[in-house]
Each structure stands twice: as structure tokens, then as C-alpha cells.
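Data first, discussion second: the structure below is written as C-alpha cells.
There are 2 protein chains.
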Amino acid sequence: MSDGAADRQNLGVLCFYPHRAMEARILAALAAAGFDDITAAQGRIAARIGRDGTRLTDLAERALVTKQTAGHLVDQLERSGYVERVPDPTDARARLVRMARRGQAAVAVARRVEAEVEAEWTAYLGEEVTAGLRAALERLREITDPFR
Amino acid sequence: MSDGAADRQNLGVLCFYPHRAMEARILAALAAAGFDDITAAQGRIAARIGRDGTRLTDLAERALVTKQTAGHLVDQLERSGYVERVPDPTDARARLVRMARRGQAAVAVARRVEAEVEAEWTAYLGEEVTAGLRAALERLREITDPFR
DNA sequence: TTGACACGGTCAGATGATCTGACGATATTG
DNA sequence: CAATATCGTCAGATCATCTGACCGTGTCAA
Numbered sequence: 003m004s005d006g007a008a009d010r011q012n013l014g015v016l017c018f019y020p021h022r023a024m025e026a027r028i029l030a031a032l033a034a035a036g037f038d039d040i041t042a043a044q045g046r047i048a049a050r051i052g053r054d055g056t057r058l059t060d061l062a063e064r065a066l067v068t069k070q071t072a073g074h075l076v077d078q079l080e081r082s083g084y085v086e087r088v089p090d091p092t093d094a095r096a097r098l099v100r101m102a103r104r105g106q107a108a109v110a111v112a113r114r115v116e117a118e119v120e121a122e123w124t125a126y127l128g129e130e131v132t133a134g135l136r137a138a139l140e141r142l143r144e145i146t147d148p149f150r
Numbered sequence: 003m004s005d006g007a008a009d010r011q012n013l014g015v016l017c018f019y020p021h022r023a024m025e026a027r028i029l030a031a032l033a034a035a036g037f038d039d040i041t042a043a044q045g046r047i048a049a050r051i052g053r054d055g056t057r058l059t060d061l062a063e064r065a066l067v068t069k070q071t072a073g074h075l076v077d078q079l080e081r082s083g084y085v086e087r088v089p090d091p092t093d094a095r096a097r098l099v100r101m102a103r104r105g106q107a108a109v110a111v112a113r114r115v116e117a118e119v120e121a122e123w124t125a126y127l128g129e130e131v132t133a134g135l136r137a138a139l140e141r142l143r144e145i146t147d148p149f150r
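Taken in order, these protein sequences are the chains called R and G.
The letter at position 15 of the first sequence is residue 17 when you use the numbering used here, and the numbering goes up by one with no holes.
The letter at position 75 of the second sequence is residue 77 when you use the numbering used here, and the numbering goes up by one with no holes.
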């Protein structure tokens, strides 16, 4: 699919490492904080829930999975008390998935670790390079994220 | 795990989009070229096979999965004729996984698409920004890739 | 207003990917 | 040579993911 380990790697593969590293760090911190019943896939869904709740279909679209998969993961998150489903006042067909109390607590932990890891990366790369990296990635997102 | 869609996203999440986009493009191209029996997970393993073959344990380490998972995926790749296992001349315990003829053909297709997608990204971001992005990601890999 | 179609979500079933734990065979090292 | 580490596999379980079918609700145009 791409190179062996030694050669120049494509940008997609290079993006894999930081993504995976961040995810692993957050998951580890969550587990250490007592949120040990959350999986990576659940986290990827939960990470895309907006402040006022998000529709299942939107979650699926943002996470690039089918709505069935998203539904499955939301079921688990709901059972574990991280999220809740409420009716969407603007559309009787839809329901909004939003953070429950336990979910908000987990988000707080996740945010802290995110900031911590970013700080480490910034310390290693330097402020300027990091800012450039972020800008480039945000720009790239415009053409690689089918949702936004 | 992180923000809703609107807010500022952490660098890990931002890395997700290009990675996923590249992977999807390569997979689609492979399927179109007749290599339609390969999955993303198989591709992630195959992408890490070096020119002269690579040990299963190394593949697992590079792809950040257990050796059991790697073995499972290599089994499938072998059954589909993409790779072959040969004895490691330097160690009777080990075997080297290396590309078979069909695998090499698939790699050729993948390389072409990689280059194509990178060219698109470069056109969108500009030469300079893209070079900066690559440099930053390569640097970041030093502290986020447990293997290298 | 009503019929055709789009959209939000779920159910059912299948497959794929991944892990933990245990194990046999070979290397390495003191 | 004995102790220990490494390489890979087997077995079994669980989680994630997809396709296809389906029901209820919204939308829009004739």
C-alpha cells in the first residue's frame, strides 16, 4: 500500500502516527480516571457530539461510519451512562445524542490530556512549526473531510 | 473525547482526516484495478512490508497491533496471493513475510494513487506549506511512533 | 390534500478485526 | 548447559463494521 518502513512515507501514513498516539494517550488517561469501559470506537463517536446534542446520522457522517455502526456504539455509550438520547424538538423523526453527566466528566479528562499532549508536541516541534502544522491540517481538512 | 464539530479540534483528530482520506482513495483505486479482495486492515499490514521481507513481529509492531492480529491478516493476504512467507535464513524461529507477484502489482497501483493524492494536496496547500507539513509530521513521528 | 419520495433511525444477520492467554520451537547468554 | 527471551501459532472471545430490509415522519409539488 505504501513503502516499507525505511523509505519516504506518504502523508496519509505520516498522519497515522500522531492520530493513533493521541487516541492512545486519551484512552489510557480515561481508563486511569475510572472510565475504563470505553473503547476507541466509542470515543471516536463521543468525540463528535456537539454541545447541544447531535443526530445519529450526523455522528455517523462525521466519524465516517454507517449509521448502524454509530447506533451500535451510541447504544453502548448509553448503557454505560456516558450519553443520553432525547427527542429532537425540531423533527419528530430524529433524536439528539448528547452527553450525560458521566460523559461530561469523561470529556473533562479527555480535554486535559489533549492539552497535555499538544503541549508536549509543541515543546518538541517549537511554537512556530506547530502552528504551521495545525494550519496546514485545518486547511487540508477542507478537502479530506467529506462532512465539513 | 474532543470537541464537537464546530470548535477547535486537537491535532490528533486533525490528523485523522488526511489519513482516512488517503486510505480510502488507495483502497478504491485498488478495487477498481481488480484488487477488490483487500481490506483496510490488510492494507495497513501490507504497507509495512519491506523490500526484502519483514518479520511478523515487526509488522505487528509497526502497525500497532498484536502479533496475533498481524498473523491473521497475513494469513488472508497469503490466501489471496498478495504475500508469501519464506523462512528467515538468519533465524530458524522466524519467517519473512514478503510481497508475492500479485502484491507487487497492487503496490504499484497504490504508489501511483499515493502520488496522485499528494499532488492534489500540494496543489491545494502550495508547495511550501506541504513541505512544512511533511517535515513537521516526520519530526512528530519521532515521538509518536513507538516503533521507529 | 394527497401521493411520491427523501430522511432519521432501528432490526437482523454476517463478516472482519482485534484482543488475552497459553503454548511449542528456536536463540541467546551467563 | 540451564535459564530466559524471542518468534510464531492455536484457541477462544469480544468488539466493530457492513449490507439489506424496514417503519415512521417530513417535504414538496400537482
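Glycine included, each C-beta is placed from N, C-alpha and C at the ideal position.
From a predicted model like this one, the values you see are computed outputs, not experimental measurements.
- Taking 8 angstroms as the threshold, the shortest C-beta distance from residue 37 of chain G to chain R does not fall below it.
- Along the stretch 92-111 of chain R, the positions whose C-beta sits under 9 angstroms from a C-beta of chain G are 108, 109, read in chain order.
- DSSP places residue 87 of chain R in no alpha helix (DSSP H) but in the uninterrupted beta strand (DSSP E) bounded by 85-89.
- Following the DSSP letters along the chain, one finds residue 135 of chain R in no beta strand (DSSP E) but inside the alpha helix (DSSP H) bounded by residues 129-146.
- Note: residue 56 of chain R is bridge-paired with R:99 in the DSSP secondary-structure output.
- For residue 48 of chain G, the enclosing alpha helix (DSSP H) begins and ends at 42-48.
- Bounds of the alpha helix (DSSP H) holding residue 33 of chain G are 13-34.
- The Cβ of residue 20 of chain G sits closer than 8 angstroms to at least one Cβ of chain R.
- Using a Cβ distance threshold of 8 angstroms, residue 16 of chain R and residue 113 of chain G do not count as a contacting pair.
- For residue 10 of chain R and residue 52 of chain G, the gap between their C-alpha atoms comes out near 12 angstroms.
- Flagged as an interface residue toward chain G: residue 147 of chain R, by a C-beta distance shorter than 8 angstroms.
- Chain R places a beta carbon closer than 8 angstroms to that of residue 120 of chain G, counting this residue as a contact.
- Counting only Cβ-Cβ distances below 7 angstroms, residue 67 of chain R has no contacts in chain G at all, with the closest Cβ about 11 angstroms away.
- Cβ-Cβ distances below 6 angstroms link residue 59 of chain R to 69 in the same chain, with the five nearest sequence neighbours on each side left out; the list follows chain order.
- Sixteen is the threshold: since fewer than 16 other Cβ atoms of the shown chains lie within 10 Å of the Cβ of residue 88 of chain R, the residue is exposed.
- CA-CA distance, residue 92 of chain R to residue 49 of chain R, rounds to 23 angstroms.
- For the pair residue 75 of chain R and residue 104 of chain R, the Cα-to-Cα distance works out to about 16 angstroms.
- For a Cβ distance threshold of 8 angstroms, residue set 13, 134, 135, 138, 139, 142 of chain G lies close to residue 135 of chain R, ordered along the chain.
- For residue 102 of chain R, the closest C-alpha among the options R:24, R:56, R:42, R:14 is that of R:56.
- DSSP places residue 10 of chain G in the coil class of the three-state scheme, outside both helix and strand.
- When C-alpha distances from residue 122 of chain G are compared across G:83, G:18, G:23, the shortest belongs to G:23.
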